[in-house]
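Peer 1:
Residue numbers (mature numbering (1 follows the signal peptide of the UniProt record, and there is no 0)): -20 to -1, 1 to 304.
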């Protein structure tokens, strides 16, 4: 088994809110230990991760980011939760400062991301019985695929604003184009050409200016730096989508086998993945669906307090064993 690397640096304990005026309230208990470092999860993949460790965690939450984000998307939420819970987040391969193996060694498919998630939980020594996974966008389908392989991977999974099924009619036009050639090649090239525009506007597209929310400069700079390598975040996204339909079809055919409790959260105004995708998933699987009014594709950035509340509710449901 791969050993966890000790290369780590301290994060600032001062919160940087991603949402101006909507920072989640912090608890007054003693400050947790905070680390940013790297962990080798298998022979090809080294993940950058951040971990918040309070003295007496009531459980663990693992946050999985979407496109074009990095783990810093979760920093304010992590700081709010970390007085009570151990908090983990990592950069997916191809994003932030995690590994970027060539596509002939690692496919970047949702199924391969699912294996990375399983490897991370195992390598980090996380107790799955006390784990809540919160996954959005490209992170959500891998979380559910991993749960099919490992029925006890977590006590609950919260997913939202993603595409569990092959329903192009519910997807933004450029995302539809990524699902098959030759349109996928054109979209891929355009994304790499327009990196700066994507990073500046993806989070606010379709919103009036008065509804834009704040993003910390730390987060913005981290996304830009992560996209600056020879193998870009757009390249990883392109390869993910080249396998997307295959893995969506597999999930749809097997989703009835899921054992882990799932909750769905969706932004009412998500222009990238229409909320009807979430409605279909929730109705067919009999799971709870929360539609967030006046919220877009990135609820954790636009309405972080809601994310904090959802995580706390997941731990409260049925009680969570605490340890000294």
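Backbone N, C-alpha and C fix where the C-beta goes; we use that ideal spot for every residue, glycine too.
For residue 251, count the other beta carbons within 10 Å of its own beta carbon; 16 or more makes it buried, fewer makes it exposed. Which is it?
Peer 2: Here residue 251 refers to the residue found at position 271 of the chain shown. Residue 251 comes out exposed.
Peer 1: Have a look at the DSSP bridge pairing and note the partners of residue 119.
Peer 2: Your numbering for residue 119 matches position 139 in the chain shown. In the DSSP output, where bridge partners are listed per residue, residue 119 has none listed.
Peer 1: Could you check where the beta strand (DSSP E) with residue 32 kicks off and where it finishes?
Peer 2: For the purposes of this step, residue 32 is taken as the residue at position 52 of the chain shown. First-last of the beta strand (DSSP E) with residue 32: 26 to 33.
Peer 1: Take residue 109 as the anchor and find which of 133, 249 and 118 has the nearest alpha-carbon.
Peer 2: Looking up residue 109 in the chain shown gives position 129. Here the closest residue by C-alpha is 133.
Peer 1: For residue 57, report the span of its alpha helix (DSSP H) as first-last.
Peer 2: The residue labelled residue 57 in the question sits at position 77 within the chain shown. Residues 55 to 61.
Peer 1: Can the beta-carbon of residue 126 be found less than 8 Å from the beta-carbon of residue 139?
Peer 2: As a position in the chain shown, residue 126 is number 146, starting the count at 1. As a position in the chain shown, residue 139 is number 159, starting the count at 1. No, Cβ-Cβ distance for residue 126 and residue 139 is not below 8 Å.
Peer 1: Within the same chain, show all residues whose beta-carbon is closer than 6 Å to that of residue 81, passing over the 5 residues directly before and after it, in chain order.
Peer 2: Mapped onto the chain shown, residue 81 falls at position 101. So the qualifying residues of the chain are 24.
Peer 1: Note down, in chain order, each residue of its chain lying with its Cβ closer than 6 Å to the Cβ of residue 199, except the 5 sequence neighbours on either side.
Peer 2: In the chain shown, counting from the first residue as 1, residue 199 sits at position 219. Same-chain partners within the cutoff: 52.
Peer 1: Measure the CB-CB distance between residue 40 and residue 65 and report whether it falls below 8 Å.
Peer 2: Working through the chain shown from its first residue, we reach residue 40 at position 60. Working through the chain shown from its first residue, we reach residue 65 at position 85. Yes, the Cβ-Cβ distance between residue 40 and residue 65 is below 8 Å.
Peer 1: On the criterion of 16 or more Cβ atoms from any shown chain inside 10 Å, does residue 197 qualify as buried, or is it exposed?
Peer 2: Here residue 197 is taken as the residue at index 217 of the chain shown, counted from 1. Result: exposed.
Peer 1: Return helix, strand or coil for residue 167, following the three-state DSSP convention.
Peer 2: In the chain shown, residue 167 corresponds to position 187, counting from 1. Reduced to three states, the DSSP call for residue 167 is helix.
Peer 1: Kindly list the residues whose CB is nearer than 7 Å to the CB of residue 183, restricted to its own chain and excluding five residues on each side of it in sequence; keep chain order.
Peer 2: To locate residue 183, count along the chain shown from 1; it is residue 203. Only 195, 278 and 281 meet the Cβ criterion.
Peer 1: For the beta strand (DSSP E) that residue 20 lies in, which residues bound it at each end?
Peer 2: By 1-based counting over the chain shown, the position of residue 20 is 40. Segment 13 to 20, the beta strand (DSSP E) holding residue 20.
Peer 1: Mind checking residue 144: buried by the 16 CB within 10 Å criterion, or exposed?
Peer 2: By 1-based counting over the chain shown, the position of residue 144 is 164. Buried is the call here.
Peer 1: Can you tell me whether residue 45 is buried or exposed, with buried defined as 16 or more other CB within 10 angstroms of its CB?
Peer 2: Taking the chain shown and counting its residues from 1, the one referred to as residue 45 is at position 65. Buried, by the Cβ-count rule.
Peer 1: Once you ignore the five residues that flank residue 8 on each side, which residues in its own chain have a CB closer than 8 Å to its CB?
Peer 2: What you label residue 8 is simply residue 28 of the chain shown in a count that begins at 1. With a pLDDT of 46 at residue 8, under the threshold of 50, the modelled position of that residue is not reliable, and the figure given next carries that caveat. Cβ within range, chain order: 63.
Peer 1: Mind checking whether residue 57 and residue 287 have CB atoms under 8 Å apart?
Peer 2: Numbered from its first residue, the chain shown carries residue 57 at position 77. Numbered from its first residue, the chain shown carries residue 287 at position 307. Yes, these two residues count as a Cβ contact at 8 Å.
Peer 1: Using the DSSP secondary-structure output, state which residues sit across from residue 65 in a beta bridge.
Peer 2: The residue given as residue 65 occupies position 85 in the chain shown. Residue 65 is not bridged to any residue.
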